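Worksheet: one structure, shown below.
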Amino acid sequence: MRSLPPSLLTDQQLVTQVLAGDRAAFGQVVQRTEGLVAQLVFKMIRHPADRPDLAQEVYLKVFKNLSGFKFQAKLSTWVGQIAFNTCLHYLEKKQLVLLDPAETASADAAEEGRRAPPPPAAGPEADPETLLFGQDLAGILGAAIEQLPPLYRTLISLYHQQELSYEEIAQITSLPDGTVKNYLFRARKLLKQQLLARYHRDDL
Amino acid sequence: MTNSHLSENALQAAAELAAQLPADQVAHLRNCPLCQGRVATYQQLLGAVAQLPPPAFAFDLTAAVLAQLPRPQARPAFPTWLLGGVAALVLMVVIAFLVLFGSVLGQALQGLSAGLGAGLAVVAGFLIGGQVLELLARHRRQMHLLTLS
Chain F
0 MRSLPPSLLT DQQLVTQVLA GDRAAFGQVV QRTEGLVAQL VFKMIRHPAD RPDLAQEVYL
60 KVFKNLSGFK FQAKLSTWVG QIAFNTCLHY LEKKQLVLLD PAETASADAA EEGRRAPPPP
120 AAGPEADPET LLFGQDLAGI LGAAIEQLPP LYRTLISLYH QQELSYEEIA QITSLPDGTV
180 KNYLFRARKL LKQQLLARYH RDDL
Chain A
0 MTNSHLSENA LQAAAELAAQ LPADQVAHLR NCPLCQGRVA TYQQLLGAVA QLPPPAFAFD
60 LTAAVLAQLP RPQARPAFPT WLLGGVAALV LMVVIAFLVL FGSVLGQALQ GLSAGLGAGL
120 AVVAGFLIGG QVLELLARHR RQMHLLTLS
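Sequence lines, in order, name chains F and A. Counting with numbering that gives the first Met the number 0, you get residues 0 to 203 for the letters of the first sequence. Counting with numbering that gives the first Met the number 0, you get residues 0 to 148 for the letters of the second sequence.
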């Protein structure tokens with residue numbers, strides 16, 4: 000029977016081939032998961048010079064531990080877990096924090112303020128497109144996301160760019176589902192606040 | 000219908016089309032242009048985030064990783080079980096030979112002179128010593144390769 004090209008193999012077939020000594024199959028594993036690993040490394044690690052080494056370290060760990068992968072999650076989720084933990088370990092070594100408790104406290108305070116009695120009836124808000132379009136939208140958003148704490152940046156990108164589910168993100172980050180949802184809500188709100196601060200608007 | 004405007008969490012939930020809102024909040028949203036605007040803002044903001052170009056490494060990650068993978072260990076020419084089987088077979092032949100011809104061999108060896116016996120022992124010693132040195136050299140070569148790979 001002719002063997003399929005690596006790009007057509009399922010995750011399980013791919014892993015089997017890698018364990019049988021097929022290095023090209025491992026190249027396919029890298030290609031399939033590189034986007035997710037890049038998101039994690041770019042969002043968690045601020046120092047650009049450290050990112051290439053970390054990404055390679057992630058895949059060397061994946062290769063080393065592949066025989067222990069039991070397919071209890073998707074291969075990409077497992078690779079993501081390793082990438083997240085590798086970045087976390089890097090941050091710990093550098094004594095950097097993934098999420099500053101002071102930032103969550105300020106977000107909570109802002110949320111409490113938001114629950115205050117509503118203002119008198121107002122007219123329709125300005126069309127948000129007029130606020131954001133016509134500008135360098137990608138640049139503005141990218142800069143605003145960069146202002147977020149690393150964990151918030153990571154969650155935003157995993158959910159809205161990688162389109163992972165809450166459950167997958169919870170598996171990757173080892174956070175409870177509820178915590179992932181809660182942090183995502185805070186991250187979006189903070190992102191909006193960053194944009195508000197940039198435009199000095201009362202509201203968006 | 001609730002009179003208070005939607006909380007930040009409710010606005011975000013409304014912006015996610017899949018999320019479910021309580022009926023009173025849905026009713027409020029239907030009639031509140033302010034909350035509609037805020038939901039629209041979130042929808043546009045998050046839609047724009049989804050459209051951001053994904054980050055990518057400026058080098059070929061696949062090639063870099065493959066170049067660093069440990070080299071596969073050389074497999075023995077014969078499977079271990081086959082080598083074991085051959086060794087067992089040889090051992091059985093030797094035992095059978097000794098059982099069948101042991102007494103004849105004993106008589107023959109008694110006839111040999113002590114000098115010939117000593118000569119055989121020296122030759123055997125050289126052979127064994129040579130084998131040990133050869134194995135040691137092979138082991139060193141292998142360790143050197145593993146260290147470099």
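Here a beta-carbon is modelled for each residue, glycine too, at the ideal position from N, C-alpha and C. The structure displayed is predicted, hence computed values, not measured ones.
- In summary, H138/A is exposed, with fewer than 16 beta-carbon neighbours lying within 10 Å of its beta-carbon over all protein chains present.
- The Cβ-Cβ distance between L20/A and L28/A falls below 9 angstroms.
- Closest in alpha carbon position to A23/F, among A66/A, L104/A, L44/A, A107/A, is A66/A.
- Under the criterion of beta carbons closer than 8 angstroms, Q11/A and R187/F qualify as touching, at roughly 6 angstroms.
- Distance between L51/A and R31/F, taken at the CA atoms: about 20 angstroms.
- Taken through DSSP and simplified to helix, strand or coil, P51/F comes out as helix.
- A direct Cα-to-Cα measurement between L18/F and D23/A gives close to 56 angstroms.
- Contact between A54/F and L68/A is ruled out by a C-beta separation of about 14 angstroms, above the 8 angstroms threshold.
- Among the residues facing chain A, I81/F is not included, as its CB has no counterpart in that chain under 9 angstroms away.
- Secondary structure at H88/F: helix, using DSSP grouped into helix, strand and coil.
- Cα atoms of C86/F and H4/A: separation of roughly 40 angstroms, rounded to the nearest angstrom.
- Going by beta carbons, V14/F and A82/F fall outside the 9 angstroms limit.
- Sequence-distant partners of Q27/F (beyond 5 residues in either direction) whose C-beta falls short of 8 angstroms from its own C-beta, in its chain, are P5, S6, L8, L13.
- DSSP, reduced to helix, strand and coil, places R45/F outside both helices and strands of the structure shown, so it counts as coil.
- For chain F, the residues of the region 48-63 of chain A that bring a beta carbon within less than 9 angstroms of one of its beta carbons are V48, A49, Q50, L51, P52, P53, P54, A55, F56, A57, F58, L60, T61, A62, A63, in chain order.
- Of V48/A, V89/A, A26/A, the smallest CA-CA separation from G138/F is found for V48/A.
- Under a 10 Å Cβ-count criterion, P149/F is classified as buried, with 16 or more other Cβ atoms of the shown protein chains found around its own Cβ.
- DSSP places R70/A in no alpha helix (DSSP H); its state is neither H nor E.
- Here F25/F has V17, F62 as same chain residues with Cβ atoms under 7 angstroms from its own Cβ, once five neighbours each way along the sequence are excluded.
- Of the residues assessed, H159/F falls on the buried side of the cut-off, its CB having 16 or more other CB atoms within 10 angstroms.
- Under the criterion of beta carbons closer than 8 angstroms, L35/F and V96/F do not qualify as touching, at roughly 23 angstroms.
- The Cβ-Cβ distance between L163/F and I171/F falls below 9 angstroms.
- Within the model, the alpha-carbon separation for S102/A versus N64/F is close to 59 angstroms.
- Counting along the chain, N30/A sits inside the alpha helix (DSSP H) bounded by residues 22-30.
- Where N8/A is concerned, the enclosing alpha helix (DSSP H) starts and stops at 7-14.
- Counting the other Cβ atoms within 10 Å of the Cβ of T40/A gives 16 or more, which makes it buried.
- Taking C-alpha positions only, K73/F is separated from D10/F by approximately 8 angstroms.
- The alpha-carbon of L44/A is positioned some 20 angstroms away from that of V179/F.
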